[in-house]
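Undergrad: Before I ask anything, here is the structure I am working with.
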C-alpha cells in the first residue's frame, strides 16, 4: 500500500493559521524595515541596457522606477522584464535597430510591454497598471496578500510624507521572506502555539511534488536538463509562471537551479548582445554566473537550498526566511533525487488559508 | 529644469540634527527601554552600559543551562544553514514587587529551568548568575530583584515565581491563553531602537548666522568656493552594502545629505544617494539617473 498522506489534524491547522493571522494583523510593514536599510531606485528614462547592468552590479533582482517629471514611483523593473525583452528580441518583436536599442528607455519598454501583455491575456495572467505598493503602517497580512494576489516577488514600501502624495519616500522592498523572518523570529521560542510547525513537510499539502508523492491532479513539477536551450528555460519561466526550475541529470538527480534572477548574469560582458537564446544551453548560462558576486548567501556550490521530505515545516520556514532564498528543493536523502519544491508563496498560501 | 527631483532635498522628517550620542556604542546594547524596567523606576535606567566584567563561572549541574556571559557571537548549535548566526544580547529582567525568593522561567530554554533569586547585599552593582539545578537567580538590590540573561534575538514568554507563587508583571506586555494563564512577553532586538521621546529635552543650538533663503543659486554663488566638506562625510553611502552590516546605525551628521557619484566608465549616468530617518529606522535611497546631454 502506498504511503498515504495521513491528514494532520484539521484543528492543528486551524489553530496555527489563526495564530499566524493574528500575528500578521497586529504587526505592520514598519517591522520589516531593518535598522539601516538600503534601497536602489532607477529613473524611468534610463536605457534598459544600463538598467540591467546596474541590477547586475548591485546584485539586486528588482528596482523601483522613479519618474522625475511626475515626481512619483511608477513601477518596478525586474528580472522578468529582462527575460521578456530577450524573448522579444529573439522573435524580432521589438523591431529596433542596434542604435535604438542602446537608447531604448525603461519607460518605452513598459509601454511596449502593455501591448505584449494584452496579447498574453489569453493565459489569464493579470497585468498590472501602475505601481503596486504598500504603506509602512499597513499590516503584514495586507502586505502578504498583496504580494500573493498580484503574483509579484516584492512590494515597495512607500511613505507619503505629505497629504497630496507628493514627495513619496521609498523605505524598503518588502518580500515574503522578510515577513516569514518576522514570523519565525516571533514563534521560534514558543512553538507550542503553532502545532503544525513540527510536522514533516511531506504530510502537509503545500508545494509542488513529483507525481508519486504529491497530488496527482496538482501542478506538475517542471524540470530541465543542463543541455536544454536557454530559450526553453525562459519560456518555461514565463509560461509556467514559476520563478525557478531545477536542473537535473538523466536520472532526475539535482544538479543546479535556474531562476529568473539568474538572467542578470547575462549582463556580464554584454553576453545578451551576442547570444541567440536557442544556441546557448542552460549549462553555459549558469557558468556565466559562476563567479558573479551575489550577496544573498549563495555559497559556491550551495546555490540550491535543499531539504528532505521528513524535515519539519519549521526547518523549511527557517531556511526560506534567509534573504535571497525563495524556494527549497526537496530531495531524497543521499541521492539528491528531486522530489518536490516548496516556495515562499506556497508557504504563505498554506498559512493564510 | 532645475533640480531633478524634489524628493531628495525637500522632504524627510528633519529629525534632531545632532544628538549627543555618548560616543561610540559599546559592543552590545542593553534593551533598557523596551518596557522591562518596572514602572516606578526612573527613566535614566536606559540604556545602562555594563563595563566588561570577569564573569563568575556558573555552577552547573549537568543539564543544558545556557552560559550567561557570552558577549561575543554565540553560534547556533544547529547546522550552518539552518538557523541564522545568533548573537546573544544581554537582557535585564527586573521584579520589584517585593518578595523574598524570586525566580524566573521562560521559553528561552523551553521552560526547562528555573532561575532563582539570590539575596546579595554586598555587591549591588554586579549581577551574577548562580544556577542551581533548577533555578535561575535574580539578584536583589534594594527592593528590586534582577537577572541578566543573554538571549538571541526573538520573542520569549516568561513568568516569575515569587515565594512559591506564579506571578507576572501586568504593566508589561503579556499574553493570556485560553486557560487563563498569563505570561509576560519579552522582545529582544539586536539593536536599541531610537527612543524618540528621550530627545525631547534636547535643545537644538541656534543656527549659525548666515543666509537661509531658498532662492536658487545664481552665477555669483557659483563663483565662490563651496563650503568645506565635513570630515564625517567620507563614508561611502553609495558603495555596495554588505547585508550583515544592516544593524550599524549611521551617524546623525550624515543624514539628509545628498551624495552624488557620476560618470564612471563611459556611462552618462549619475547616482544620487541620501540617508534619512523614518521613525526609529534609517534608510539609504540610491537613485540612478541619466545625465542629460548638454
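Protein chains in written order, with UniProt numbering: chain A, 1 to 353; chain E, 1 to 294.
Idealized CB from N, CA, C, for every residue including glycine.
Note that the coordinates shown come from a computational prediction; the quantities given were computed from them, not determined experimentally.
Please confirm whether residue 253(E) has its beta-carbon closer than 9 Å to some beta-carbon of chain A.
TA: To locate residue 253(E), count along the second chain from 1; it is residue 253. No, its Cβ sits nowhere closer than 9 Å to a Cβ of chain A.
Undergrad: Which class does residue 76(E) belong to by DSSP, given the choice of helix, strand or coil?
TA: For the purposes of this step, residue 76(E) is identified with residue 76 of the second chain, where counting begins at 1. Residue confidence for residue 76(E) is low, a pLDDT of 35 falling below 50, so the modelled location carries little weight; the figure read from the coordinates is stated next. It is coil, neither helix nor strand.
Undergrad: Alpha carbon to alpha carbon, how far is residue 104(E) from residue 19(A)?
TA: Sequence index remark: in the second chain, residue 104(E) carries index 104 (1-based). Sequence index remark: in the first chain, residue 19(A) carries index 19 (1-based). Roughly 26 Å between the two C-alpha positions.
Undergrad: DSSP on residue 185(A), reduced to helix/strand/coil?
TA: Here residue 185(A) is taken as the residue at index 185 of the first chain, counted from 1. Looking at residue 185(A) - three-state DSSP - the assignment turns out to be helix.
Undergrad: Check the C-beta distance from residue 281(A) over to residue 228(A) and give it rounded, since I have them as a contact under 8 Å.
TA: Residue 281(A) sits at position 281 when you count from the first residue of the first chain. Residue 228(A) sits at position 228 when you count from the first residue of the first chain. Confirmed, Cβ separation roughly 7 Å.
Undergrad: Any beta-carbon of chain E closer than 9 Å to the one on residue 142(A)?
TA: By one-based count along the first chain, residue 142(A) stands at place 142. So no, residue 142(A) is outside the interface.
Undergrad: For residue 215(E) and residue 269(E), I'd like the C-alpha separation in whole angstroms.
TA: As a working mapping, residue 215(E) is identified with position 215 in the second chain. As a working mapping, residue 269(E) is identified with position 269 in the second chain. For residue 215(E) and residue 269(E), the distance between alpha carbons rounds to 27 Å.
Undergrad: Just the C-alpha distance for residue 289(E) and residue 77(A), rounded to the nearest angstrom, thanks.
TA: Walking along the second chain from the start, residue 289(E) turns up at place 289. Walking along the first chain from the start, residue 77(A) turns up at place 77. One C-alpha to the other measures close to 14 Å.
Undergrad: Verify whether the separation of the beta carbon atoms of residue 140(A) and residue 25(A) is less than 9 Å.
TA: Taking the first chain and counting its residues from 1, the one referred to as residue 140(A) is at position 140. Taking the first chain and counting its residues from 1, the one referred to as residue 25(A) is at position 25. Yes; because the gap between Cβ atoms is below 9 Å, this pair is in contact.
Undergrad: What does DSSP give as the partner residues of residue 284(E) in its beta bridges?
TA: Along the second chain, read from residue 1 onward, the residue named residue 284(E) stands at position 284. DSSP, once it has assigned bridges, lists 38(A) and 275(E) as partnering residue 284(E).
Undergrad: Secondary structure at residue 114(E), three-state DSSP: helix, strand or coil?
TA: Translated into the one-based positions of the second chain, residue 114(E) becomes position 114. Strand at residue 114(E).
Undergrad: Quick one: does residue 284(E) have its CB under 9 Å from some CB of chain A?
TA: Indexing the second chain from 1 puts residue 284(E) at position 284. True, the Cβ-Cβ gap to chain A drops below 9 Å.
Undergrad: What first and last residue would you give for the alpha helix (DSSP H) that runs through residue 223(E)?
TA: Sequence index remark: in the second chain, residue 223(E) carries index 223 (1-based). Looking at the DSSP string, the run of the alpha helix (DSSP H) that includes residue 223(E) is 219 to 223.
Undergrad: Which residue from 153(A), 34(A) and 314(A) puts its Cα closest to that of residue 241(A)?
TA: Position 241 of the first chain, counted from the start, is the residue given in the question as residue 241(A). Taking only the C-alpha atoms, the option nearest residue 241(A) is 153(A).
Undergrad: Out of curiosity, what's the CA-to-CA distance linking residue 82(E) and residue 89(E)?
TA: Here residue 82(E) refers to the residue found at position 82 when the second chain is read from its first residue. Here residue 89(E) refers to the residue found at position 89 when the second chain is read from its first residue. Residue placement at residue 82(E) cannot be trusted, given a pLDDT of 41 that sits under 50; what the coordinates show is reported in the next sentence. Cα to Cα, the separation comes out at about 20 Å.
Undergrad: Mind checking whether residue 40(A) and residue 60(A) have CB atoms under 9 Å apart?
TA: Start at 1 with the first residue of the first chain, and residue 40(A) comes out as number 40. Start at 1 with the first residue of the first chain, and residue 60(A) comes out as number 60. Going by C-beta atoms, residue 40(A) is nearer than 9 Å to residue 60(A).
Undergrad: Going along the segment 66 to 84 of chain A in order, which residues come within less than 8 Å of chain E, judged by CB to CB distance?
TA: Hits within the stretch, in order: 66, 68 and 71.
Undergrad: Quick one: which residues of the segment 158 to 185 of chain A get their C-beta closer than 8 Å to a C-beta of chain E? List them in chain order.
TA: Listed by position along the chain: 159, 161, 162, 166, 167, 168, 169, 170, 171, 172 and 185.
Undergrad: Within a Cβ cutoff of 7 Å, which residues of the same chain sit near residue 44(E), ignoring the five residues on either side of it in sequence?
TA: Within the second chain, the letter at position 44 stands for residue 44(E). Reliability fails at residue 44(E), whose pLDDT of 40 lies under 50, so the model's placement of it is uncertain and the value that follows must be treated cautiously. Excluding residues within five positions, none has a Cβ falling inside 7 Å.
Undergrad: In angstroms, rounded to a whole number, what distance separates the CA positions of residue 54(A) and residue 38(A)?
TA: As a first step, residue 54(A) must be located in the first chain, where it is residue number 54. As a first step, residue 38(A) must be located in the first chain, where it is residue number 38. Distance between the alpha carbons of residue 54(A) and residue 38(A): 15 Å.
Undergrad: Taking only beta-carbon atoms, is residue 149(A) less than 9 Å away from chain E?
TA: Taking the first chain and counting its residues from 1, the one referred to as residue 149(A) is at position 149. Answer no: the Cβ-Cβ gap between residue 149(A) and chain E never drops below 9 Å.
Undergrad: So the beta strand (DSSP E) residue 167(E) belongs to, where does it begin and stop?
TA: Stepping through the second chain from its first residue, residue 167(E) is reached at position 167. Residues 165 to 167.
Undergrad: Rounding to the nearest angstrom, what Cα-Cα distance links residue 111(A) and residue 151(A) in this structure?
TA: Counting from 1 along the first chain, the entry for residue 111(A) is found at position 111. Counting from 1 along the first chain, the entry for residue 151(A) is found at position 151. So the two alpha carbons sit approximately 20 Å from each other.
Undergrad: Tell me whether residue 333(A) sits in a helix, a strand or coil according to DSSP, three-state version.
TA: Along the first chain, read from residue 1 onward, the residue named residue 333(A) stands at position 333. If DSSP states are grouped into helix, strand and coil, residue 333(A) belongs with coil.
Undergrad: Answer yes if the segment 43 to 52 of chain A comes into contact with the segment 153 to 171 of chain A, meaning at least three C-beta pairs across the two stretches below 8 Å, and no otherwise.
TA: No, the segment 153 to 171 of chain A does not touch the segment 43 to 52 of chain A.
Undergrad: Roughly how many angstroms separate the alpha carbons of residue 227(E) and residue 288(A), rounded to a whole number?
TA: Locating residue 227(E) in the second chain gives position 227, where the first residue counts as 1. Locating residue 288(A) in the first chain gives position 288, where the first residue counts as 1. If you take the alpha carbons of residue 227(E) and residue 288(A), they lie about 46 Å apart.
Undergrad: Between residue 29(A) and residue 213(E), what straight-line distance do the alpha-carbon atoms span, to the nearest angstrom?
TA: Here the question's residue 29(A) lines up with position 29 in the first chain. Here the question's residue 213(E) lines up with position 213 in the second chain. Straight-line Cα distance between these residues: approximately 38 Å.
Undergrad: Are at least three pairs of beta-carbons, each pair with one atom in the segment 174 to 191 of chain E and one in the segment 150 to 162 of chain E, less than 8 Å apart?
TA: At 8 Å Cβ cutoff, the stretches touch.
Undergrad: List the endpoints of the continuous alpha helix (DSSP H) containing residue 286(A).
TA: The residue given as residue 286(A) occupies position 286 in the first chain. That run of the alpha helix (DSSP H) goes 282 to 288.
Undergrad: Terminal residues of the continuous beta strand (DSSP E) containing residue 248(A)?
TA: On the first chain, position 248 is the one that residue 248(A) refers to. 244 to 248 is the extent of the beta strand (DSSP E) around residue 248(A).
Undergrad: So which of 65(A), 223(A) and 45(A) has the shortest CA-CA distance to residue 341(A)?
TA: Within the first chain, the letter at position 341 stands for residue 341(A). Cα-wise, what sits closest to residue 341(A) is 223(A).
Undergrad: Run down chain E in chain order and give the residues with a C-beta less than 9 Å from the C-beta of residue 41(A).
TA: Counting from 1 along the first chain, the entry for residue 41(A) is found at position 41. What residue 41(A) touches in chain E: 285, 286, 287 and 288.
Undergrad: Would residue 190(A) count as contacting chain E if we go by Cβ distances under 9 Å?
TA: To locate residue 190(A), count along the first chain from 1; it is residue 190. Cβ-Cβ to chain E under 9 Å: yes for residue 190(A).
Undergrad: Check the Cβ of residue 155(E) against every Cβ in chain A and list those closer than 9 Å, keeping chain order.
TA: The residue labelled residue 155(E) in the question sits at position 155 within the second chain. What residue 155(E) touches in chain A: 185, 186, 187, 188, 189 and 190.
Undergrad: Excluding the 5 residues flanking residue 157(A) on each side, which residues of the same chain have their C-beta closer than 6 Å to its C-beta?
TA: Stepping through the first chain from its first residue, residue 157(A) is reached at position 157. Result list for residue 157(A): 29, 134, 136, 171, 172 and 174, in chain order.
Undergrad: To the nearest angstrom, how far is the alpha carbon of residue 305(A) from that of residue 316(A)?
TA: Translated into the one-based positions of the first chain, residue 305(A) becomes position 305. Translated into the one-based positions of the first chain, residue 316(A) becomes position 316. Between residue 305(A) and residue 316(A), the C-alpha separation is close to 10 Å.
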